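Here the UniProt record's numbering is used: position 178 in the sequence shown is 178, and no number is missing along the way. Reading through the structure tokens given below for one structure.
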Amino acid sequence: MKDGGEGGGKHGDKTPSGTAPSARAQEGAKVTAGAAPPAQAPSGQVPPAQAPHEQTPPAQVPPAQVPPEQAPPANPRRAAVVAALMLCMALAALDGTIVATAVPQIVGDLGGLSVFSWLFSGYLLAATVALPVYGKLSDTYGRKPVLVAGTIVFLVGSLLCAAAWNMAALIAFRVVQGLGGGALQGTVQTLAADLYPLKERPRIQAKLSSVWATASIAGPALGGLFAGYADWRWIFLVNLPVGAVALWLIARHLKEPARPPRTTPVRIDWPGALGVFATGALLLTALVQGGVAWPWLSAPSLALLGGAALLAGLTVVVERRAAEPIIPGWVWRRRTIAAVNLSLGALGLLMVAPTVFLPTYAQSVLGLGPIAAGFVLSAWTLSWPISAALSNRVYTRIGFRMTAVIGITGALALLLAFPFLPYPGEPWQPALLMLALGACLGFFQLPLMVGVQSTVPYEERGTTTASVLFCRQVGQSVGAAAFGAVANTVLAARLGGGDLDAVARALEAPAALTAEAADHLRRAVDAAVDHVYFGAAAAAALALLALLTLAPRRFPVLKEASGEDE
């Protein structure tokens, strides 16, 4: 077994066979919502061959042959709980992207084009910081109360967003939404591990990844429908009935076992959480406002960047001294986890380019309406879930790392191809690129998630999953701000430093411009989006570099305890 610097347990010499029986009992029955008998492969499908260097989950043993402490509880209510988890996951993912196609309508109503990227960054920053905090709270007080509380906070934030009267209020209420969204993401992933034994987790992870990808990508299309046929405020109001259904299913069907009384005081790393939030806020403010509200090398920019660096160093010191840090150091000392953290952080960053800026490109450059613009982006809704579901047939043969390398290499090529599309082009051209990009990213994300979870024992799986999600959220938060800064800088340079709010109003009513002025404006937007895609390609290159140089060729997959295999 690997030492503490790689895939082994906390003390380096622990293997799954050495895991305490109580841990294995928790593996099989963490909640009493139940686990239905394992789903059988569809008729005619042959299970994929096992790779010689990576372990795949063994065939499910008939329930009668499984020891009592390892048999998953056979409560039929598990399906209802899984449905609630998928609804919660969809809500959290949807609200990260649904605003994209409604930005022209929101800015036209409320103003504030120069800070509109905070609609995404504020939500993602709050969700990012909340993720590890909710993880600790769920370990302490149980999954159900944390998920219920987080869902309520999310729905309250949605209602406030729908009532926003200016851009500042909308951004503030998006932060409230994000604080609830962090609970939805992290607790859903943890409950999925509680509900399913190790053998079945690739199946539920594929389902949740598909829900996340589909909701993230369908968000712009849905936002376009509301913006085009109703009012942009409905993109927040639609959360209320969906969230209410999820709450009802959780309250009715999720039953957690009684928790033993704690013998030690609860320790939540609030200083660490505050440090991460403050650092992110300063950094994102510098990225969003730099080059727009003030020059990049001006005193405000330098002060914000310097303050962010100082706070980051202080946060590291606080985390090293914390009894239970928000993100423990071992998730960066192990090569496999560190490589996946960096790779999925880069994924979060590169996804901002299509989800946030492609709808603007489709409307402003291609001349499409908000609905059609949403459907251009939604092309990858078709390919991402399919490739994610099929990726297990690949990584069981060639390994987790090589499957992800193939996926991200294809994504890199496609992102580099976007700036070379003809101007103004046809809608099918970016739609075809998005279809191929979704297929590549499906082969990239899921193998890394399943692979990294299979390299750690049960007692470290929740922290590892939170670390990966945290890095992906950081990537999305930084990407929304950084790419927004890139786009604003290019627009300001191409348009002679004009008022960006005036640009937004001109994009809303291009008929009021002369043909020459409208073409000049469209070319400026085209150039801005091209630069954003070059940045996304750089993020894909970073992910590829992390996999090739940091990730081991063979993920150190832990063998299951012998009792679970037999």
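We treat Cβ as the ideally placed atom computed from N, Cα and C, and that holds for glycine. Remember, predicted model here, so these are calculated numbers, not experimental data.
Which residues share a DSSP beta bridge with residue i?
i: tryptophan 294; result: Gly290
Taking the alpha helix (DSSP H) that residue i falls in, what are its first and last residues?
i: serine 138; result: 118-141
i: tryptophan 332; result: 330-333
i: serine 454; result: Careful: serine 454 lies outside any alpha helix (DSSP H) and carries neither H nor E.
i: phenylalanine 534; result: 515-549
i: alanine 379; result: 379-398
i: residue 570; result: Residue 570 lies beyond the range of the chain shown here (1 to 566); nothing can be said about it.
i: valine 82; result: 78-97
i: tyrosine 361; result: 358-364
i: phenylalanine 236; result: 234-237
i: glutamate 319; result: 299-321
Tell me whether residue i is buried or exposed, calling it buried when 16 or more other Cβ atoms sit within 10 Å of its Cβ.
i: serine 298; result: exposed
i: lysine 136; result: buried
i: histidine 520; result: exposed
i: leucine 347; result: buried
i: arginine 143; result: buried
i: proline 385; result: buried
i: glycine 9; result: In this prediction, glycine 9 scores a pLDDT of 41, lower than 50, which makes its location untrustworthy; the coordinate-derived value is nonetheless stated afterwards. When all chains shown are included, glycine 9 counts as buried.
i: glycine 496; result: exposed
i: proline 145; result: exposed
i: alanine 251; result: exposed
i: glycine 313; result: exposed
i: valine 317; result: exposed
i: alanine 323; result: exposed
i: glycine 438; result: buried
i: threonine 514; result: exposed
i: threonine 56; result: At threonine 56, the pLDDT of 39 sits below 50, so the modelled position is not reliable and the matter cannot be decided from this model.
i: arginine 522; result: buried
Is the beta carbon of residue j closer than 7 Å to that of residue i?
i: glycine 219; j: threonine 128; result: no
i: glycine 150; j: leucine 184; result: yes
i: alanine 221; j: serine 378; result: yes
i: threonine 336; j: phenylalanine 470; result: no
i: serine 477; j: leucine 125; result: yes
i: glycine 154; j: glycine 182; result: Note on residue identity: the sequence assigns phenylalanine, not glycine, to residue 154. Not a contact, by the Cβ cut-off of 7 Å.
i: tryptophan 232; j: alanine 102; result: yes
i: alanine 539; j: proline 359; result: no
i: leucine 349; j: glycine 243; result: no
i: glutamine 162; j: proline 370; result: Glutamine is not the amino acid found at residue 162; the sequence shown has alanine there. No. Outside cutoff.
i: serine 301; j: alanine 286; result: yes
i: tyrosine 423; j: aspartate 526; result: yes
i: alanine 537; j: leucine 412; result: yes
i: residue 573; j: phenylalanine 420; result: Lying outside 1 to 566, the shown extent of the chain, residue 573 is not represented and no answer is given.
i: isoleucine 408; j: phenylalanine 444; result: yes
i: alanine 246; j: leucine 87; result: yes
i: alanine 466; j: glycine 186; result: yes
i: residue 577; j: valine 107; result: Because residue 577 is not part of the residues shown, which for the chain are 1 to 566, the question remains open.
i: valine 276; j: valine 468; result: no
i: leucine 415; j: tyrosine 533; result: yes
i: leucine 448; j: alanine 404; result: yes
i: valine 188; j: leucine 85; result: yes
i: histidine 253; j: valine 81; result: yes
If you measure from the beta carbon of residue i to each beta carbon in chain E, is any gap under 7 Å?
i: leucine 287; result: No chain E appears in this structure, which consists of one protein chain only.
Hey, which unbroken runs of the beta strand (DSSP E) at 3 residues or more fall wholly within the segment 153-214?
Taken in chain order, the segment 153-214 contains no complete beta strand (DSSP E) segment of 3 residues or longer.
Fully enclosed by the segment 430-490, which alpha helix (DSSP H) runs are 4 residues long or longer?
Considered as a whole, the segment 430-490 harbours no complete run of any alpha helix (DSSP H) with no fewer than 4 residues.
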